[in-house]
Ligand code: DOR
Ligand code: ZN
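Residue numbers (the numbering used here): 59 to 420.
1) Buried or exposed for residue 417, going by 16 or more other Cβ atoms inside 10 Å?
2) Taking 7 Å as the cut-off, is the beta-carbon of residue 239 closer than that to any non-hydrogen atom of the ligand DOR?
3) Can we say the region 262-279 touches the region 237-247, given the rule of at least three CB pairs closer than 8 Å?
4) Would you say the region 365-373 touches the region 406-414, given that touching needs at least three Cβ pairs under 8 Å?
5) What first and last residue would you give for the beta strand (DSSP E) that runs through residue 272?
6) Return yes when the C-beta of residue 107 is under 7 Å from any heavy atom of the ligand SAH, and no when it is not.
7) Sorted by chain position, which residues of the same chain lie with C-beta nearer than 7 Å to residue 41's C-beta, five sequence neighbours on each side aside?
8) Restricting to Cα atoms, I'd like to know which of 190, 61, 301 is closest to residue 236.
9) Got a sec? Which residues, its chain only, sit under 6 Å from residue 344 by beta carbon, not counting five neighbours each side?
10) Could you tell me the alpha carbon to alpha carbon distance between residue 252 and residue 93, rounded to whole angstroms?
11) Near residue 105, which residues of its chain fall below 7 Å by C-beta distance, leaving aside the five closest residues on each side in sequence?
12) Can you name the start and end residues of the beta strand (DSSP E) that residue 63 belongs to?
13) Which one or two residues does DSSP pair with residue 393 in a beta bridge?
14) Tell me whether the beta-carbon of residue 239 lies closer than 8 Å to the beta-carbon of residue 312.
15) Between the region 80-89 and the region 109-126, are three or more C-beta pairs nearer than 8 Å?
16) Hey, would you say residue 390 sits closer than 8 Å to residue 372, going by beta carbons?
17) To the nearest angstrom, how far is it from the Cα of residue 400 to the Cα of residue 91?
18) According to DSSP, is residue 294 part of a helix, a strand, or is it coil?
19) When you compare each of 116, 64, 61, 112 to residue 83 by their alpha carbons, which one comes out closest?
20) Look up residue 343 in the DSSP assignment and say whether it is helix, strand or coil.
21) Is the beta carbon of residue 71 sitting closer than 8 Å to the one on residue 97?
22) My parser needs the beta strand (DSSP E) runs of 3 or more residues fully inside the region 138-172; what are they?
23) For residue 134, is the classification buried or exposed, using 16 other Cβ atoms within 10 angstroms of its Cβ as the cut-off for buried?
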């Protein structure tokens with residue numbers, strides 16, 4: 059048995075308000091606890107998006123009554139809400155800007171729309187960028203010009219990790235995260251192991267849709283080789299139902315919050331990373347980057363020798379599937395204590411909806 063601190067996932071799509079048939083604050087936080095995650099930062103591309111005080115209240119109201127682990131909520135950057143977003147910074151996890159296409163309609167194309175956000179949002183919190191490839195380079199240029207921190211979400215490409223390395227070496231305030239699916243899966247076709255054959259079962263290949271897309275083997279290798287450049291492991295937990303994933307118009311996104319730790323522990327058992335990498339990238343660094351409080355009397359007990367298969371039927375997300383179906387992993391969360399209370403034990407969630415606290419309420 060090993061005892062870890064509670065893990066932080068700084069990139070989670072909760073789907074509430076608006077799309078609770080996919081997930082809600084209750085199911086996502088159950089999934090978090092069962093995965094050893096005791097704090098989540100929620101993304102703003104809900105319905106409606108979190109753009110102002112009233113939509114922030116909507117999300118935080120649902121969270122207050124339903125969340126079982128601790129949390130904070132991002133504000134979304136819109137074309138004309140930079141003053142409002144900055145005024146709500148204290149109550150938020152940070153500002154999220156969508157600069158490339160993905161699920162939802164929050165993309166800001168014109169760079170002149172980025173400027174007021176970079177100028178106005180307080181510098182003690184990062185601006186989180188969904189920015190891929192050359193858009194990411196533009197985002198890093200903005201960080202340099204405005205001399206403020208940016209955090210690049212879900213990097214997936216060799217060129218991205220290499221540019222972030224170069225930017226860090228020059229003192230630009232950039233941090234980044236990588237998701238388990240970009241570390242453990244490569245793009246199809248071909249679709250050899252380690253892909254689960256079940257994952258490709260969907261009619262149109264919609265289960266494989268995710269943004270950023272799965273990358274090449276060379277990209278994946280570059281991420282593993284540059285782990286020192288990567289500040290955080292984050293899931294981008296993006297639940298959509300199987301019916302949606304197998305439809306004509308499959309939305310991009312994978313669930314992941316309950317499988318990240320078993321996957322990483324398996325990599326630890328194989329000697330690919332160390333447990334210290336996991337703690338640095340899922341506790342120390344996210345806490346520093348997002349200015350998050352410590353959670354007293356909070357820990358995760360893990361049976362590092364437990365070998366088993368991942369099955370969606372055992373997971374707590376409402377979406378009902380996982381891209382890692384049938385994967386053999388080593389390392390099981392057996393017990394989670396959150397702020398002095400047993401929150402999860404032997405497969406059972408033991409804290410009620412509403413036990414979770416907003417970490418931005420002081
Ligand atoms: O695949 C993705 N799904 N990437 C994103 O950036 C958004 C997410 C979602 O909200 O479904
Ligand atoms: Zn996301």
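By construction, the Cβ of each residue, glycine as well, lies at the ideal position given by its N, Cα and C atoms.
Considering the structure as presented:
1) buried
2) no
3) Contact holds: three or more Cβ-Cβ distances are below 8 Å.
4) no
5) That residue, residue 272, is in no beta strand (DSSP E); it is neither H nor E in DSSP.
6) Although the ligand SAH was asked about, the structure shown includes only the ligand DOR and the ligand ZN as ligands.
7) Not covered by the structure: residue 41. The range shown for the chain is 59 to 420.
8) 190
9) 66, 68, 290
10) For residue 252, the predicted model reports a pLDDT of 47, less than 50, meaning its position is unreliable; a value from the coordinates is still stated below. The straight-line gap from Cα to Cα measures roughly 21 Å.
11) For residue 105, where only same-chain residues beyond five positions count, the Cβ hits under 7 Å are 75, 76, 77.
12) 60-63
13) 359, 403
14) yes
15) With a cut-off of 8 Å, the region 109-126 and the region 80-89 count as touching, because enough Cβ pairs lie within range.
16) no
17) Distance between the alpha carbons of residue 400 and residue 91: 10 Å.
18) coil
19) 116
20) In this structure, residue 343 counts as helix in the three-state DSSP scheme.
21) no
22) 153-156
23) buried
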